[in-house]
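Peer 1: What follows is a single structure, and I will ask about it in a moment.
In the working numbering, the protein residues as written are 343 to 651.
What follows is the structure, encoded as structure tokens:
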């Protein structure tokens with residue numbers, strides 16, 4: 343971020359540590375990988391190792407995000423600077439993930455004599471990186487130059503109870519609340535940029551912050567904004583809860599509710615859906631024709647008071 347050469351990068355948290363600490367049990371958090379039954383990944387990690395990535399130097403991580411990573415600030419109505427910092431952190435996380443994938447596929451590409459499959463995957467990754475770097479620069483400009491009126495808030499509230507899930511991320515929606523199309527993620531034209539909105543759920547000691555917003559340039563979300571403004575708060579929370587499990591993986595759950603989570607079959611199936619197909623999209627003929635995508639009313643709403651810690 344500072345464009346200065348660094349020998350190493352810090353453990354940057356993609357969700358503020360102060361929030362993760364409030365729901366940790368014996369210092370541990372349930373990772374999203376646990377819901378996928380991914381044997382190669384850790385089900386539980388400590389707060390210090392949950393949601394970390396390595397693309398930011400220590401000084402930038404401490405100074406650049408200090409406004410939004412401050413409890414006193416996060417419980418106030420978000421300013422453009424706060425939302426800009428959240429967006430910058432989200433896109434840096436996305437860039438970090440895609441760069442890791444790029445390195446992996448480039449290595450496989452060399453080993454398998456220029457496989458067409460890997461070449462196509464590398465092209466997709468490069469398109470994503472182009473979009474993410476552009477969005478990173480646009481949102482960084484908001485922070486660096488103290489831009490005003492850069493964002494639309496989809497939803498913001500301080501809930502008077504502690505939710506059991508902490509999450510944060512940039513989300514590229516394919517469909518909105520009423521299932522109307524938003525992004526055509528299958529359009530690989532280089533002149534088409536995918537548009538994202540940002541979702542944040544932060545449990546605190548006796549309350550929780552829920553925030554969803556998008557940059558005003560991302561006009562594909564204007565219809566979603568009107569939809570969410572026209573329904574009850576309880577229904578908005580139910581929808582955002584559904585989106586967390588359907589579209590993201592950067593969430594961390596209190597182990598206090600571990601048994602309830604693992605006993606809910608449809609929630610586990612939703613977490614493992616990819617393009618409305620089960621098992622991360624790895625299907626056979628049986629589940630291809632017999633699987634029904636999980637609906638919003640089939641899973642528990644972890645953002646509701648019923649699930650408060």
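No residue lacks a Cβ here, since even glycine has one placed at the ideal position from N, Cα and C.
So, under 8 Å CB-CB, residue 606 and residue 635 are touching, yes? Tell me the CB distance rounded to an integer number of Å.
Peer 2: Not a contact, Cβ separation roughly 16 Å.
Peer 1: Within 10 angstroms of the Cβ of residue 544, are there 16 or more other Cβ atoms? Answer buried if so, exposed if not.
Peer 2: So residue 544 ends up on the buried side.
Peer 1: Per DSSP, which one or two residues make a beta bridge with residue 497?
Peer 2: Beta-bridge pairing links residue 497 to 554.
Peer 1: Go ahead and pull the three-state DSSP assignment for residue 462.
Peer 2: Helix at residue 462.
Peer 1: Helix, strand or coil: how does DSSP classify residue 585 here?
Peer 2: DSSP places residue 585 in helix when its eight states are reduced to three.
Peer 1: DSSP beta-bridge partners for residue 523?
Peer 2: In DSSP, residue 523 forms a bridge with 517.
Peer 1: For residue 381, is the classification buried or exposed, using 16 other Cβ atoms within 10 angstroms of its Cβ as the cut-off for buried?
Peer 2: Any reading at residue 381 must be qualified, since the residue scores a pLDDT of 49, below 50, and its modelled position is unreliable; the value itself is stated next. Classification for residue 381: exposed.
Peer 1: Do residue 584 and residue 638 come within 9 Å of each other at the CB atom, strictly closer than that value?
Peer 2: Yes, the pair counts as a contact, with Cβ atoms nearer than the cut-off.
Peer 1: Residue 352 to residue 490, Cα distance in whole Å?
Peer 2: Rounded to the nearest angstrom, the two C-alpha atoms are 30 Å apart.
Peer 1: Quick check on residue 527: buried or exposed, where buried means 16 or more other Cβ atoms within 10 Å of its Cβ?
Peer 2: Burial call: exposed.
Peer 1: Taking DSSP as the reference, what is the three-state secondary structure of residue 638?
Peer 2: Correct three-state label for residue 638: helix.
Peer 1: Can you give the Cα-Cα distance for residue 516 and residue 587, rounded to whole angstroms?
Peer 2: About 14 Å.
Peer 1: Helix, strand or coil: how does DSSP classify residue 382 here?
Peer 2: Because residue 382 sits at a pLDDT of 47, beneath the cut-off of 50, its placement in the model cannot be relied upon, and the following sentence gives the value as read from the coordinates. Here residue 382 sits in coil by DSSP.
Peer 1: Note down, in chain order, each residue of its chain lying with its Cβ closer than 7 Å to the Cβ of residue 433, except the 5 sequence neighbours on either side.
Peer 2: Counting only Cβ-Cβ distances below 7 Å, and skipping sequence neighbours, we find 474, 477, 478, 481 and 512.
Peer 1: Thinking residue 557 and residue 493 are a contact (beta carbons under 8 Å), I'd like their distance in whole angstroms, please.
Peer 2: With 8 Å as the limit, residue 557 and residue 493 qualify as a contact, their Cβ atoms being about 6 Å apart.
Peer 1: Excluding the 5 residues flanking residue 464 on each side, which residues of the same chain have their C-beta closer than 8 Å to its C-beta?
Peer 2: Around residue 464: 444, 447, 448 and 451.
Peer 1: Please list the terminal residues of the continuous beta strand (DSSP E) segment that includes residue 542.
Peer 2: Start and end: 539-545.
Peer 1: Whose C-beta lies closer than 8 Å to the C-beta of residue 649 among residues of the same chain, with five residues either side of it excluded?
Peer 2: Taken in chain order, the residues that qualify are 505, 506, 599, 642 and 643.
Peer 1: Taking the Cβ atom as the reference point for each residue, do residue 621 and residue 614 lie within a distance shorter than 9 Å?
Peer 2: Yes. Within cutoff.
Peer 1: Please report the distance separating the alpha-carbon of residue 651 from that of residue 579.
Peer 2: Rounded to the nearest angstrom, the two C-alpha atoms are 17 Å apart.
Peer 1: Rounded to whole angstroms, what is the Cα-Cα separation between residue 611 and residue 346?
Peer 2: Each residue's alpha carbon lies about 44 Å from the other.
Peer 1: In the DSSP output, which residue or residues are listed as bridge partners for residue 616?
Peer 2: In DSSP, residue 616 forms a bridge with 619.
Peer 1: If we ignore side chains and look at the alpha-carbon of each, how far apart do residue 488 and residue 632 end up?
Peer 2: Roughly 52 Å between the two C-alpha positions.
Peer 1: Can you list, in chain order, the residues of its chain with a C-beta nearer than 7 Å to that of residue 640? Leave out the 5 residues immediately preceding and following it.
Peer 2: Contacts found: 608.
Peer 1: In whole angstroms, give me the CA-to-CA distance for residue 597 and residue 549.
Peer 2: Each residue's alpha carbon lies about 18 Å from the other.
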